[in-house]
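According to the numbering used here, the sequence shown is numbered sequentially starting from 70.
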Amino acid sequence: MAEGKSKGIGKAIGGAISAIGSLFGGRKRRRREKAGKKAFEGSIKAYEAFDISNAFGDLTNPFSDLTNPYADTTNPFANIANAYEGMTNPYEKLRNEMGNLGVSTEAAEFQSQQQQQGLAQSLDAFRGAAGGSGTAALAQSLAQEQRRGTQQIAADIARQEIDNTRLAAQGAQQLGLQTAQSEAARQQMVAGGSMQAQQLIAGGEQQRQLTTAAGEQQRQQLTAEGEQKRQYYTAAGEESRQTRELERKGDVVAIHAGEYEAATAARGKAHDALVGGLADVATGAGEAGAFASDRRLKKNIKLIDKSLSGLNIYIFEYIDKIFGEGLYQGVMSDEIPQYAVIKGIDGYDRVNYNKIDIEFKKY
């Protein structure tokens, strides 16, 4: 395929040389040659000025400086305090009110006074009636009665003291039970509060660590994805740049070669080679994949379709039959990307159909 293209280019160059050499008069041919050379130089400058830089060469990763929004998350329960830590026992200083119970002696004293008064009255009454000897016996009997009364009073006081002791013991026992129960409840509440505080602290710390880890994982994932996309676009841009660079160099070489051959051979061609030379330009360019596609060379132009890339596809006829007879399918050079257009030395555009997605063919 490359050999065929080289032959086609050679044939096109040979035809161009014949055509230029056949122009009328040496001065006229030199002017035409000079104009052709100037056009080639302009084309070369345009190709060389074409931007072939990598559009993605300076692409950066937008996630490279991404921070973890949860990195500084704190434990909301870290400083939680035990609400029951300072709780006191409400029964701890309670007094036993039964411990100070006293003995009631008023009734005993009243009973003793009544008894003594009664005995004294009885003694006076019997003293007048009974005489001396009877009085002594009666006094002895009354004394014995008084002792029995005193013993009963003493027994009543002793009973009261026993009851007081029993009540004091019961009060002390009840107070002790209430104090112990309250202390047990206090300790239980303090322990429960401490356990709850520890559970909250541990749960908060676990949640903080999970949130921080999730944020870090998300940050790393976004950073990696951003870097992967950056590398992909950079590589794709570099590949595109290299492809365009190779195409540009190939076009520039072809232009230089055509210019050189046309300039050195134009002076030696005669006018009678004009028709044959132009025919060779057309057929030779076609063999190289470049065909005359300047709108000014065509007639009966009709749009019939569009290519996959959106280029218009036409059918047409050449005005000058040296480029071909009958209907052809192709494009208009002024409607396609300029990297596929080659300016001919005759001033008309050729299109390299190898660079577009449309086939040039006889219709």
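Every residue, glycine too, gets a C-beta built ideally from N, C-alpha and C. Note that this is a predicted model, so its numbers are computed, not measured.
Taking residue i as part of the beta strand (DSSP E), name the residues at either end of that continuous run.
i    : result
Q398 : Y397 to G399
N137 : Element bounds for N137: n/a, residue is neither H nor E.
K412 : V410 to K412
So for residue i, helix, strand or coil by DSSP?
i    : result
R365 : helix
I405 : coil
F385 : strand
F360 : strand
N421 : strand
V291 : For clarity, residue 291 is Leu in the given sequence; the question names Val instead. Helix at L291.
I270 : helix
D225 : helix
G73  : Residue confidence for G73 is low, a pLDDT of 49 falling below 50, so the modelled location carries little weight and cannot support an answer.
L372 : strand
K430 : strand
F392 : helix
F125 : coil
K162 : coil
L380 : coil
S210 : helix
I113 : helix
D232 : helix
E314 : helix
G218 : helix
E308 : helix
L92  : Because the pLDDT at L92 is just 48, under 50, the model does not fix this residue reliably, and the point stays unresolved.
M258 : helix
T281 : helix
Y301 : helix
G355 : Because G355 sits at a pLDDT of 48, beneath the cut-off of 50, its placement in the model cannot be relied upon, and the following sentence gives the value as read from the coordinates. Three-state result, G355: helix.
T248 : helix
S263 : helix
E178 : helix
A108 : helix
Check each candidate in the options and name the one with the smallest Cα separation from residue i.
i    : options                   : result
E316 : A266, T281, E117 and Q229 : E117
N458 : K390, D415, F360 and I384 : Residue 458 falls outside the range modelled here, since the chain spans only 70 to 432, and no answer is possible.
E307 : N123, F429, M156 and G111 : N123
P159 : Y302, R228 and L244       : L244
L372 : N423, L396 and Q220       : L396
I411 : K103, G111, R100 and A223 : G111
M258 : E314, A104, G155 and N130 : G155
Q183 : R100, I222 and K390       : I222
Y408 : N130, Q220, R255 and R313 : R313
By Cβ distance below 7 Å, which residues in the same chain neighbour residue i in space, the five residues on each side in sequence not counted?
i    : result
L135 : R288, L291 and T292
S376 : I382, D426 and I427
T142 : R277, T280 and T281
L128 : R299, Y302 and T303
A140 : T281 and G284
S251 : N158, P159 and Y160
R164 : none
R100 : none
With residue i and residue j assumed to form a contact (beta carbons below 8 Å), what rounded beta-carbon distance in angstroms separates them?
i    : j    : result
E285 : N144 : Actually they do not touch by this definition, with Cβ atoms about 17 Å apart.
I270 : A152 : Actually they are not in contact, since the Cβ atoms of I270 and A152 sit about 14 Å apart, beyond 8 Å.
D418 : S362 : 6 Å
Q398 : I384 : 6 Å
A266 : I149 : 5 Å
Q185 : Q215 : 7 Å
T248 : E161 : 6 Å
K368 : E386 : 5 Å
Excluding five sequence neighbours on each side, which residues of the same chain lie with their C-beta closer than 6 Å to the C-beta of residue i?
i    : result
M401 : R364
K430 : Q398
G416 : none
A108 : K412
N137 : G284, E285 and R288
Below 8 Å CB to CB, which residues in the same chain sit around residue i once its five sequence neighbours on both sides are set aside?
i    : result
S133 : T292, G295 and E296
L380 : V400, E404, I405, I425, D426 and I427
A305 : F125
G261 : Y153
S60  : This structure does not reach residue 60, given that the chain is present from 70 up to 432, and the question cannot be answered.
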